[in-house]
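Number of protein chains: 2
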Amino acid sequence: MRDFSADHRWLSLNTATVRKQGDLLQIIEACARHGIRAIDPWRDQVAAVGLGRAVRAVRETGLELSGYCRGGMFTSDASRRTEVRDDNRRCVDEAKALGAPCIVLVVGGLPQYSRPGSAASKDIAAARSQVEDAIAEMMEYARGAKLPLAIEPLHPVYAGDRACVNTAKHALDICDRLDPGRTGALGVALDVYHIWWDPEVLAQIARAGKDRLLAFHVCDWLVPTRDILNDRGMMGDGVIDIKSFRWAVEAEGFSGYSEIEIFSDTWWTKPMDEVVRTCIERHRTVV
Amino acid sequence: MRDFSADHRWLSLNTATVRKQGDLLQIIEACARHGIRAIDPWRDQVAAVGLGRAVRAVRETGLELSGYCRGGMFTSDASRRTEVRDDNRRCVDEAKALGAPCIVLVVGGLPQYSRPGSAASKDIAAARSQVEDAIAEMMEYARGAKLPLAIEPLHPVYAGDRACVNTAKHALDICDRLDPGRTGALGVALDVYHIWWDPEVLAQIARAGKDRLLAFHVCDWLVPTRDILNDRGMMGDGVIDIKSFRWAVEAEGFSGYSEIEIFSDTWWTKPMDEVVRTCIERHRTVV
């Protein structure tokens, strides 16, 4: 396992972590200030400053991307299928312009939450089937841009409203079906927050192998968790044995960034530099 | 599948559903008033009125039990092992006195939450191992009382603090290892709240078969869920296709009660009779 204790060269900052403290350009400046080499920006943050300015800021600071958040929300009723397809194609175009190595897919839960206004459904099996079809369709477009798609299994707590792919096994089953030749076009993004509870996840990480491990995200699971979406913890403040998961992905050959993504009403109230400094310190000690 | 639309003879009320509206004796009176034939009481509610009075009230009203909640919280540090064992033996004694058909096991998460004061750990694999050893030990005592144990896999959102067995598959793996002969001493309690998200659960219900399906619980998953523990929904108010799960367990031969267990800060504020009437109406229409 790589030694992270001496520096933070393998730290990437998912820009949602400080999204309330500044816009994407200010976050990029903060990264430059703190010697952070990579980010994973969100589409809404890019849109807020404009794609052109975001691309220039990334280039001028020499930042790498560890991913682009996010494609997906594939589930909808029939009237919104074209909207879903076009939205995801634009996502590919943006990721390409920014130089992202992959697009992180949050696949969507039930249609009424994934694409508001869609007819309500309780059929999660149908949602899963729709997700798989839509990933297959998106892959065709993404291949043209040479952009790998990384399915992010989300914690089962989000099955209804955010993602109906909730285990690494399910995500890898989809990879096997849609890219049996392991061409590199499809893989997974694993976030310890979503997978730490899964008794099968270490075996699944081994199954994934280096070519399907496209991104590795860290934060921590707090007990108690006061808000299902926005009470994620700073690494070290919760109950996840983070190093055990980094060990597992690196044992398969993963050598990319360890990306910090923290949705937290608590950390969003703190000054950007304090959050970034804490991320660096925890990256060196507990990741 | 049994027709529930004409009456509520297969409705059991888990007494936690109205635990803030009255004590166990008052809940038993309400069940008698509303023609409810079965309950699943909690240990703290029994203790609050005294075991002897609870036993008499159950007998006098002719109520059946669909289970006894709950045994478990097996994970602890070494200094609390005896406490855990003795606590669970008392649970068996109480269940026997009350005439329960099984004990529902909430197995515990990490030791510091399962048995407060235990040394803190992030080792969920060790917790799982400890749970399995402790179930094996409890089974010996429970066999003497002819009391089956029903492992309840809890939603992965509770993996840290309540139960580190989070899927039907994991629970059934434990059953296979500890009771390979399917003697009836060990099975599962399946609550739609905890399992609805699991893409493998229908196959696992088939694997369980009638002899391991010891209890079936219903409520609903609300979107958004405002509190991880106490914002469960009344059946029909959320996103779970409840009938699909009842169909699946009944297809295996399950013919017991459909037990309503709702932890809800919302429903706890309503009058007991209103909650019970709503339970009956939803049991007949959406369960």
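Sequence order for the protein chains is A and B. When you number the first sequence by the working numbering, it's gap-free, plus one each residue, and the end is 605. When you number the second sequence by the working numbering, it's gap-free, plus one each residue, and the end is 605. Here a beta-carbon is modelled for each residue, glycine too, at the ideal position from N, C-alpha and C.
- Considering only beta carbons, the part of the region 441-462 of chain A lying closer than 9 Å to chain B consists of Asp441, Ile442, Ala443, Arg446, in chain order.
- The three-state secondary structure of Trp360/B, taken from DSSP, is strand.
- Look at Arg388/A here: in three-state DSSP terms it is strand.
- Close partners of Thr543/A in chain B (Cβ separation under 7 Å): Ile546.
- Per the C-alpha coordinates, the member of Lys464/B, Asp479/B, Ala526/B, Ala503/B positioned closest to His488/B is Ala526/B.
- DSSP places Ala438/A outside any beta strand (DSSP E), giving it a letter other than H or E.
- At the C-beta level, Leu465/A and Cys420/A come within 8 Å of one another.
- Chain A places no beta carbon closer than 8 Å to that of Asp583/B, leaving this residue out of the contacts.
- For Ser562/B, the enclosing alpha helix (DSSP H) starts and ends at 560-569.
- Using beta-carbon distances, Asp555/B does not count as an interface residue toward chain A, since no partner is under 8 Å.
- Across the structure, Leu343/B and Tyr386/A are spaced so that their CA atoms are roughly 58 Å apart.
- Sequence-distant partners of Ala566/A (beyond 5 residues in either direction) whose C-beta falls short of 6 Å from its own C-beta, in its chain, are Leu520, Ile523.
- Here Ser576/B carries a strand assignment [DSSP, helix/strand/coil].
- Judged by DSSP secondary structure, Gly370/B falls within the alpha helix (DSSP H) whose first and last residues are 369-379.
- Under the rule that a run must span 3 or more residues, the beta strand (DSSP E) segments found entirely inside the region 428-509 of chain B read 467-469, 504-509.
- At a cut-off of 8 Å, the C-beta of Trp515/A has a neighbouring C-beta in chain B.
- For Val422/A, the enclosing beta strand (DSSP E) covers residues 421-424.
- Chain-order list of chain A residues neighbouring Val475/B: His473, Pro474, Val475, Trp515, Thr543, Ile546, by C-beta distance under 9 Å.
- Contact between Pro434/A and Asp395/A does not hold, since the beta-carbon distance rounds to 11 Å and is not under 8 Å.
- Take the alpha-carbon of Phe322/B and the one of Asp358/B: they are about 19 Å apart.
- The C-beta distance from Gly554/A to Thr603/A rounds to 7 Å, short enough to fall under 8 Å.
- In the displayed model, Asp411/A falls within a helix according to three-state DSSP.
- Glu382/A sits in a strand when the DSSP states are folded into three classes.
- Asp549/A sits in a strand when the DSSP states are folded into three classes.
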